[in-house]
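Numbering (my numbering), first residue to last: 22 to 240. The beta carbon of each residue, even a glycine, is placed where N, CA and C say it ideally should be. Every value quoted in this text rests on a predicted model; they were computed, and no experiment measured them. Data block below; observations after.
Next up, the structure:
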């Protein structure tokens with residue numbers, strides 16, 4: 022077994038125990054508020070071990086396409102699915118968002134919402150990922166985000182920059198210092214709501230909307 026596969030298995034084993042306290046104290050509340058109003062066809066990027074699954078409303082969600090390259094993490098999500106009172110229609114894609122097969126499986130202007138929770142810190146090329154998300158969303162569709170971000174305070178940001186190289190190695194590529202809020206504001210998506218909060222790290226939660234497709238006019 023390769024070192025990469027061993028690490029993926031180890032990371033899946035420790036992730037939920039490591040996140041248990043912050044999920045219970047802080048994040049689950051924000052997940053619930055962000056996800057319960059979603060409907061239709063949903064793409065979740067970095068579905069991980071299934072932290073969001075219990076917060077979707079099964080009566081309004083038709084399908085969830087769960088993009089998660091770490092199969093060991095997704096096995097833990099499948100265990101959580103067994104304990105849900107109502108079944109969700111979920112189609113897992115075991116690939117990273119940067120892989121062409123993901124866009125081929127989803128299609129342009131085909132989804133009602135894209136969910137990114139604690140994932141834009143990790144994916145290799147966040148700007149390109151946001152561009153893909155924009156293409157996938159139907160006009161009027163929503164991007165829902167819950168992410169830790171680069172601090173707006175200089176001293177805190179300095180230490181985030183300092184510790185990020187080591188943290189990336191330990192935490193599956195996670196960047197402590199990504200200015201995800203800034204990138205989203207520059208994406209062409211329309212800001213619907215946002216909030217900042219802090220729990221050890223600065224966090225950002227927001228809902229963005231894709232505007233209407235410009236009408237084509239003749240010459």
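Item, Value
"For residue 177, tell me which candidate among 167, 198 and 186 has the shortest Cα-Cα distance.", "198"
"Quick one: what's got a C-beta closer than 7 Å to residue 153's C-beta in the same chain, skipping five residues either side?", "118 and 124"
"Rounded to whole angstroms, what's the CA-CA distance from residue 188 to residue 50? Just pull it up for me.", "26 Å"
"Go to residue 84, then tell me how far its beta strand (DSSP E) extends in each direction, as first and last residue.", "82-88"
"Which one of 82, 160, 147 and 63 has the shortest CA to CA distance from residue 168?", "147"
"Applying the criterion that 16 or more other CB atoms from any shown protein chain within 10 Å of the CB defines a buried residue, is residue 63 buried or exposed?", "buried"
"When we look at the beta-carbon of residue 172 and count the other beta-carbons within 10 Å, is it buried (16 or more) or exposed?", "buried"
"Could you pull out every unbroken beta strand (DSSP E) segment of at least 3 residues lying fully inside the segment 110-165, listed in chain order?", "111-114 and 132-138"
"Just reading off the beta strand (DSSP E) that residue 170 is part of, what are its end residues?", "Segment: none, residue 170 is in no beta strand (DSSP E) and carries neither H nor E."
"Closest to residue 160 by CA distance: which of 67, 208, 59 and 232 is it?", "232"
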